[in-house]
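The numbering of the sequence shown is our numbering, which starts it at 3 and goes up by one. Glycine included, every Cβ here is placed at the ideal spot set by N, Cα and C. Quick caveat, the model's predicted, so the values are computed rather than measured. Take a look at the structure set out below.
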Amino acid sequence: MSRSPTSHPRDASDEALRTFLASAHRVDLALWLSQLPRDEAWQHLSGLELSRQAMVFENLPLDVQVAMARKVPRQSLARIVHAMDADGRADFYKRLSPGEQDRLAGDLEPEDRDDVLRLSTYAEECAGAIMTSDYATLDADMTAERALAELRRQAPGTETIYRSYVVDRDHRLMGSVRLHALILSADDTPITDLMESAPVSVALDTDQEDVGKLIAHYDLLAIPVVDSDGRLMGIVTHDDAADVMQAEATEDFQKISIVLPFTQNLLQAGIGMLYSRRIVWLTLLVFGNLFSGAGIAYFEDMILAYVSLVFFLPLLIDSSGNAGSQSATLMVRALATGDVALKDWRDLILRELAVAAALGGTMAAVVFPVGAWRGGVDIALTVGLTMFAVVMIGSLVGMSLPFLLSRLRLDPATASGPLVTTISDATGVLVYFSIATLILSL
């Protein structure tokens, strides 16, 4: 097993450095190079054989790839890009500036240029944008023997040959065949007898998150991508799908934390960018919290008459927000994984009512003695009823908001804890002092 270096190149012996560059796993080597100055990183990378250069370069973060490409001689860059996988090549190309794209396209071989231009035209976050054209195809009239010979020929330029795709003369997808089945069958067996007809496939415009879910659901190594006429255009491999799902999960976490999504590494993200991604929601929530302040101001006379009510205000509105955040988090995740759908809304509402009632009743019982101690039976009754009500309201808001956003075709992850808390806080203030007014006036 290779290991990452623990010292800077200038502190290591030349022999140890050469050993590391030659033997380290490409992912570890890419991580190490990404931490070096770009000139120094290219100096080390340029000493590797071309195939290893391409593998390491492709594992660098995209922003590091672009920065390093500006230090690399044009012909050297073209050779590296030629040796990269088709999907990695397209991802890199799309991150370049228009002028850099034109220069690179002019330096590439016509076949590479046509391929990268085609793959880079698809809309972001769809199957076409993450697919690769490096896949193995077989003709429907082949035998197992001919198919194996053809796979030996195609193997150097494909990402995987464990499953090959059977196409007709118009390149329409007919089925897929496993390498295992070809090896174990007789030489003269037609591959139409071995292939799995009508394999799971996706369209070019299928959302990349749905692609990842399908690969996980059917436990596939890769999923074919077809156009509107059923022609095979590429495949999305499981490792690319895993990257997509990780990126989608990161985006959901950012939205749950009311941060506008960004793709940069947190350590490398600039102060201005982080500020711009966080200030929007924080400002909007400030205005949302004004409703809570307005509610308190409206009941100012009640508060002056019963100062002990203020003691319980943070406790009550925080409990409402906490209950809402719990419900919202559970529901956002369930919607994201497909465990629940919009049609389940009524059943979940009824169940959440029961759960929220139990939670609210328990928490009311906890605060009732504290209310009696601080202000007597009337205050205890006010606090207990309010606790029950606000936990019920917060839970229902937290569960319903993700459904509502999904219904409006918005991302349910936007129903974050802070957003639910702001709504629950404003509602809780009104409920608390309304109940206090009703009970204490009597």
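Tell me the rounded alpha-carbon separation between residue i and residue j.
| i | j | result |
| --- | --- | --- |
| I82 | V334 | 42 Å |
| D13 | D241 | Low local confidence applies: a pLDDT of 49 at D13 is under 50, so the model's placement there is unreliable, with the coordinate-based value given in what follows. Distance between the alpha carbons of D13 and D241: 35 Å. |
| P201 | L23 | 42 Å |
| S53 | S327 | 50 Å |
| F94 | A71 | 10 Å |
| L47 | E60 | 12 Å |
| I318 | M389 | It should be noted that the sequence gives Leu, not Ile, for residue 318. In a straight line, the C-alpha of L318 is about 6 Å away from that of M389. |
| I305 | G373 | 15 Å |
| D231 | P112 | 26 Å |
| R280 | L286 | 11 Å |
| D341 | Q248 | 18 Å |
| P158 | E42 | 31 Å |
| F289 | K73 | 48 Å |
| Q45 | H84 | 20 Å |
| L62 | A358 | 48 Å |
| D349 | I425 | 23 Å |
| I395 | F313 | 21 Å |
| R220 | E127 | Note on residue identity: the sequence assigns Tyr, not Arg, to residue 220. C-alpha separation (whole angstroms): 21 Å. |
| G243 | M133 | The residue asked about is misnamed: residue 243 is Ala in this sequence, not Gly. Those two C-alpha atoms are separated by around 9 Å. |
| L33 | M86 | 18 Å |
Between residue i and residue j, is the Cβ-Cβ spacing less than 7 Å?
| i | j | result |
| --- | --- | --- |
| L223 | R174 | no |
| V369 | V385 | yes |
| A88 | D116 | no |
| G377 | S310 | yes |
| I225 | V204 | yes |
| V433 | S294 | no |
| Y167 | L234 | yes |
| L110 | A80 | yes |
| R28 | M57 | yes |
| L153 | I163 | yes |
| R246 | G274 | The sequence as given places Val at residue 246; Arg does not occur at that position. It is not a contact, given that the beta carbons lie outside the stated cut-off. |
| R97 | L64 | yes |
| E161 | G177 | no |
With 16 as the cutoff for other CB atoms within 10 Å, does residue i come out buried or exposed?
| i | result |
| --- | --- |
| T423 | buried |
| S36 | buried |
| W283 | buried |
| T364 | exposed |
| I351 | exposed |
| S99 | exposed |
| S329 | buried |
| T339 | exposed |
| G362 | buried |
| D427 | buried |
| Q1 | The structure shown does not extend to residue 1, since the chain is modelled only from 3 to 444, so the question has no answer here. |
| Q55 | buried |
| Y137 | buried |
| T123 | exposed |
Helix, strand or coil for residue i? Go by DSSP, reduced to three states.
| i | result |
| --- | --- |
| P226 | strand |
| D87 | coil |
| P404 | helix |
| R72 | coil |
| D141 | strand |
| A146 | helix |
| I237 | strand |
| A205 | strand |
| E198 | strand |
| P63 | coil |
| R180 | strand |
| T160 | coil |
| S4 | Legend: pLDDT at S4 = 42, less than 50; position of this residue unreliable, value from coordinates given subsequently. Residue state, collapsed to three classes: coil. |
| Y167 | strand |
| L52 | helix |
| L19 | helix |
| R411 | coil |
| P192 | strand |
| T134 | strand |
Quick one: any contact between the segment 317-329 and the segment 393-403, if contact means 3 or more CB pairs under 8 Å?
yes
For the 8 Å Cβ check, are there 3 or more pairs between the segment 205-212 and the segment 179-187?
no
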